[in-house]
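Take a look at the structure set out below.
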Amino acid sequence: MVLSIVLSGLAIGCVYALIGIAYNVMYSASRVFSFTAGTLGMIGGVLGSLFILRMGLPVWAGFILALVGGALLGVVTEIVAVRPVLKSLDQHLYVLSTLALALIVQQFTAIEWSTDAQPFPRIFNIERNSFDQQYWLPMIACVVVIVGLELLYRRTLVGHAFRAIAEDNYAARALGLPERNLRMASYALAGVIGALAGFASGQMLLAFFANAPLLTFYGFVPVALGGMGNNRGAVVAGLVLGLFQQAANFLVGGIFASVAVFTVFILVLLARPDGLAGASAGRRV
Amino acid sequence: MSLTRRQALKSGAAVVAAVGISKPAIAQKDPILIGYLPAVTGPSSSTGIGITRGTQLAVDEINKAGGVDGRMLELIVRDTQSDPTKAVNATAELTRSHKVNIIWGPLNSGEALAVVPILARQNMVQMHSCWVDSLTDVKKYPLCYRNGPTNQQIGGAANRYAIETLKKKKVAVISDTTGYGTSSLNAYVPMIKTLGGEVVYQSSVDAANPDLKPEELRMQAAGAEVIMPWSVNAGFLSRIINTRGQLNWDVPIVGQTTLGSGQTQALLEKPEYWAKVYPNNFKPVCYDAKGKLPDRAAAFVDRLKANKIEMSDTLLWWIGVGYDAPFMIAEAVKNGGLAPEQMAGYWNKARAYPGVYGTVGFSADSRDGYPDNEVVMCEANSLKQGAFNLAPGYGAA
Numbered sequence: 146m147v148l149s150i151v152l153s154g155l156a157i158g159c160v161y162a163l164i165g166i167a168y169n170v171m172y173s174a175s176r177v178f179s180f181t182a183g184t185l186g187m188i189g190g191v192l193g194s195l196f197i198l199r200m201g202l203p204v205w206a207g208f209i210l211a212l213v214g215g216a217l218l219g220v221v222t223e224i225v226a227v228r229p230v231l232k233s234l235d236q237h238l239y240v241l242s243t244l245a246l247a248l249i250v251q252q253f254t255a256i257e258w259s260t261d262a263q264p265f266p267r268i269f270n271i272e273r274n275s276f277d278q279q280y281w282l283p284m285i286a287c288v289v290v291i292v293g294l295e296l297l298y299r300r301t302l303v304g305h306a307f308r309a310i311a312e313d314n315y316a317a318r319a320l321g322l323p324e325r326n327l328r329m330a331s332y333a334l335a336g337v338i339g340a341l342a343g344f345a346s347g348q349m350l351l352a353f354f355a356n357a358p359l360l361t362f363y364g365f366v367p368v369a370l371g372g373m374g375n376n377r378g379a380v381v382a383g384l385v386l387g388l389f390q391q392a393a394n395f396l397v398g399g400i401f402a403s404v405a406v407f408t409v410f411i412l413v414l415l416a417r418p419d420g421l422a423g424a425s426a427g428r429r430v
Numbered sequence: 009m010s011l012t013r014r015q016a017l018k019s020g021a022a023v024v025a026a027v028g029i030s031k032p033a034i035a036q037k038d039p040i041l042i043g044y045l046p047a048v049t050g051p052s053s054s055t056g057i058g059i060t061r062g063t064q065l066a067v068d069e070i071n072k073a074g075g076v077d078g079r080m081l082e083l084i085v086r087d088t089q090s091d092p093t094k095a096v097n098a099t100a101e102l103t104r105s106h107k108v109n110i111i112w113g114p115l116n117s118g119e120a121l122a123v124v125p126i127l128a129r130q131n132m133v134q135m136h137s138c139w140v141d142s143l144t145d146v147k148k149y150p151l152c153y154r155n156g157p158t159n160q161q162i163g164g165a166a167n168r169y170a171i172e173t174l175k176k177k178k179v180a181v182i183s184d185t186t187g188y189g190t191s192s193l194n195a196y197v198p199m200i201k202t203l204g205g206e207v208v209y210q211s212s213v214d215a216a217n218p219d220l221k222p223e224e225l226r227m228q229a230a231g232a233e234v235i236m237p238w239s240v241n242a243g244f245l246s247r248i249i250n251t252r253g254q255l256n257w258d259v260p261i262v263g264q265t266t267l268g269s270g271q272t273q274a275l276l277e278k279p280e281y282w283a284k285v286y287p288n289n290f291k292p293v294c295y296d297a298k299g300k301l302p303d304r305a306a307a308f309v310d311r312l313k314a315n316k317i318e319m320s321d322t323l324l325w326w327i328g329v330g331y332d333a334p335f336m337i338a339e340a341v342k343n344g345g346l347a348p349e350q351m352a353g354y355w356n357k358a359r360a361y362p363g364v365y366g367t368v369g370f371s372a373d374s375r376d377g378y379p380d381n382e383v384v385m386c387e388a389n390s391l392k393q394g395a396f397n398l399a400p401g402y403g404a405a
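As given, the protein sequences belong to chains D and F, one line each in that order.
For what it's worth, my numbering labels the leading residue of the first sequence as 146, then goes sequentially.
For what it's worth, my numbering labels the leading residue of the second sequence as 9, then goes sequentially.
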């Protein structure tokens, strides 16, 4: 039982962490919490199944096209749902605009794809076992994204530019950085990360339009617990969430598992409103 | 030639009389208008597409045979797009603009829940095949007739099969957290106890939960001998079947029709996991132990083939229920009349109609026409040309 809890808990925790990172990447570039993050995950699974199973493309081609699809949706999010409301961030209109776009994409997927869960292909043709690819693929995806983002942010010029606009976009613009282009690139990057989460977890979550709200809600928990904009916090909180959720599944089961997860979530936020790894920002008065 | 005033009056009277006499004669040739409300697009469209094939065939056959005493049936079809709001709008159009004589449909319960009260207020005769129990009521909806089973009948057949036929007394009941899932669980658990079964485990789980191993381990620990899942979500049902396979747990799974759907099959990790899975079905459209359909259904399949109607992508009972409805309407018009109370009066007293899908009969006290003994269980992995084998234990059909 312990092995089952650890394996499936870590696997789903990695998916939550990746969606949390997608939230953070978008947030860092725009100060907007885009609720399309879960939709990006759902699209990764659906496009992977579409390209590989329905259209018969090779796995590598389906994988790349799914990530491209995620990147495009990320860019569309920035143009349609984020850019128009950036001037009135304090009114939190982005909540409505990003949720609306997420719902449109979700319903479009339901109509054009299916309202039933559809199969996702086996990525590697190896025999099923207790440590199956459906568990280790999300873990590998999570490690790749963490390492990749560290390298991007710390070792490349573009990464430094991303960090600059995340820290102070006015100053970054004053220095001549192309803020709008960098923001679009950040949304494209978030799209790739979200789609990767959906593709890597496709065998576990299936290609299902209703995964979008699930990932949107559960992916937000690591962001809130880990501290907004804090990727390391999101990863740790995502893994803890996955393990705790799976333990609750085994111990109390049914809908009580969700109740347990959200009870702990609320208690943690009551104790640490800025998240476990977050620091409260000073406000100039 | 001059025309006197008396002659003119006589001529006028003759013209009026002639027009007056000819009016009913023209009315007798008017088509019988059936407002038909299938969902042929959207989430519930697979059912609607199958039923529409049967309905259209029946209308064509009736009209080719001369209609009802020379009056043709005319289907006025409005696609509800699986949306209750659109179903309500289409209902208004059919009853007010087209002034149809009867409504056939909607074909899914969500739409029917919205449409049935509206038609009752308009005193319109309606036939539908939806399963939600509250969709018929002699007092509230006296002109609404159901030619399919109720949820009580569906659950009852599954419970009887698990407890009386398979002799599995210790039952695990699991549902998803939708309205359908939880209401089914709440309705069926007491029925199991009434039959002498013991519900050793019951749970409602989010249908999107990717890991159902904890649930099935608890079922195992509780000593369950049969799993009864209630959900229409193919992903949820396939996870139950897959998890049973992964655990090498040899218990039967007995439940909702979706267990036998192509969508569920597509999500199975191994084809052999589909063995010992018994979904609901209907005896008149199932293969018996010798692999034969009942005579009525076999003759119907021949007609479907002759008319080149596709069966491989749908279910025989869907086509059958669609086929039976226009014949039942035609019979009521022929023997009762076209007025609402005439059709209802006929159905309330008529013998049961021997349809392809079932032997459907109503009474003054009941608008639920499908017989209990024709709701059965079948073998999920036996689908062939839209029909399934009867589950073991039913014997010859």
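We treat Cβ as the ideally placed atom computed from N, Cα and C, and that holds for glycine.
Only a predicted model underlies this, so the values are computations on that prediction, with no experimental measurement involved.
{"Check": "Tell me whether the region 272-282 of chain F and the region 300-310 of chain F touch, counting them as touching only if at least three CB pairs, one residue from each stretch, are closer than 8 Å.", "Outcome": "no"}
{"Check": "Fully enclosed by the region 242-294 of chain F, which alpha helix (DSSP H) runs are 4 residues long or longer?", "Outcome": "242-254, 270-274"}
{"Check": "How would you write the range of the beta strand (DSSP E) that F/Trp112 sits in, first residue to last?", "Outcome": "110-112"}
{"Check": "Do the region 370-384 of chain F and the region 148-159 of chain F make contact, defined as three or more Cβ pairs closer than 8 Å?", "Outcome": "yes"}
{"Check": "Where does F/Ser90 sit, in a helix, a strand or coil, going by DSSP?", "Outcome": "coil"}
{"Check": "Return the CA-CA distance between F/Val197 and F/Val384, expressed in angstroms with no decimal places.", "Outcome": "19 Å"}
{"Check": "Look at the Cβ atom of F/Leu255, then the Cβ atom of F/Glu206, and state whether they are nearer than 8 Å.", "Outcome": "no"}
{"Check": "Less than 8 Å between the beta carbons of F/Gly58 and F/Leu323, yes or no?", "Outcome": "yes"}
{"Check": "Strictly below 7 Å CB to CB, what residues from chain D border F/Pro222?", "Outcome": "Asn394, Phe395, Gly398"}
{"Check": "Measuring alpha carbon to alpha carbon, tell me which of F/Gln350, F/Met236, F/Gly74, F/Gly187 ends up nearest F/Met199.", "Outcome": "F/Met236"}
{"Check": "Given a cut-off of 8 Å, decide if F/Ile337 and F/Ile42 are closer than it, judged by their beta-carbon atoms.", "Outcome": "yes"}
{"Check": "Taking a contact to mean a Cβ-Cβ separation below 8 Å, would you say F/Ala122 touches F/Ala95 in this structure?", "Outcome": "yes"}
{"Check": "Could you name the residues of the region 187-215 of chain F whose beta carbon sits closer than 8 Å to any beta carbon of chain D, in the order they occur along the chain?", "Outcome": "Ser211, Ser212, Val213, Asp214, Ala215"}
{"Check": "What does the alpha-carbon distance come out to for the pair D/Glu223 and F/Ala283?", "Outcome": "49 Å"}
{"Check": "Assuming F/Val208 and F/Ile249 are in contact, meaning their beta carbons sit under 8 Å apart, how far apart are those beta carbons, in whole angstroms?", "Outcome": "Not a contact, Cβ separation roughly 20 Å."}
{"Check": "Beta-carbon of D/Ile197 versus every beta-carbon of chain F: anything under 8 Å?", "Outcome": "no"}
{"Check": "Please return the same chain residues whose Cβ sits closer than 6 Å to the Cβ of D/Ala352, not counting the five positions on each side in sequence.", "Outcome": "Gly190, Val191, Ser194, Gln263, Phe265"}
{"Check": "For D/Asn356, decide whether its Cβ has a neighbour in chain F, counting only Cβ atoms nearer than 8 Å.", "Outcome": "yes"}
{"Check": "Starting from F/Trp408, follow the beta strand (DSSP E) in both directions and report where the run begins and ends.", "Outcome": "Given a span of 9 to 405 for chain F in the structure shown, any question on residue 408 of chain F remains unanswerable."}
{"Check": "Counting Cβ pairs closer than 8 Å, one from the region 354-362 of chain D and one from the region 244-262 of chain D, do we hit at least three?", "Outcome": "yes"}
{"Check": "Is DSSP giving F/Pro150 helix, strand or coil here?", "Outcome": "coil"}
{"Check": "Taking 8 Å as the threshold, find out whether the region 379-386 of chain D comes into contact with the region 164-181 of chain D through three or more Cβ pairs.", "Outcome": "yes"}
{"Check": "Taking the C-alpha atoms as reference points, what is the distance between F/Asn389 and F/Ser320?", "Outcome": "15 Å"}
{"Check": "Along the region 349-381 of chain D, what residues have a CB closer than 7 Å to any CB found in chain A?", "Outcome": "Although the question refers to chain A, the structure presented lacks it and instead comprises the protein chains D and F."}
{"Check": "Output, in chain order, the set of chain F residues within a Cβ distance shorter than 7 Å of D/Pro264.", "Outcome": "Ala274, Leu275"}
{"Check": "Could you check what DSSP says for F/Arg129 in three-state terms: helix, strand or coil?", "Outcome": "helix"}
{"Check": "Would you list, in chain order, the members of the region 179-211 of chain D that have their beta-carbon closer than 7 Å to a beta-carbon of chain F?", "Outcome": "none"}
{"Check": "Please identify the residue among D/Ile310, D/Leu370, D/Arg328, D/Val288 whose C-alpha is closest to the C-alpha of D/Leu320.", "Outcome": "D/Ile310"}
{"Check": "Is the CB of D/Ile157 under 8 Å away from at least one CB in chain F?", "Outcome": "yes"}
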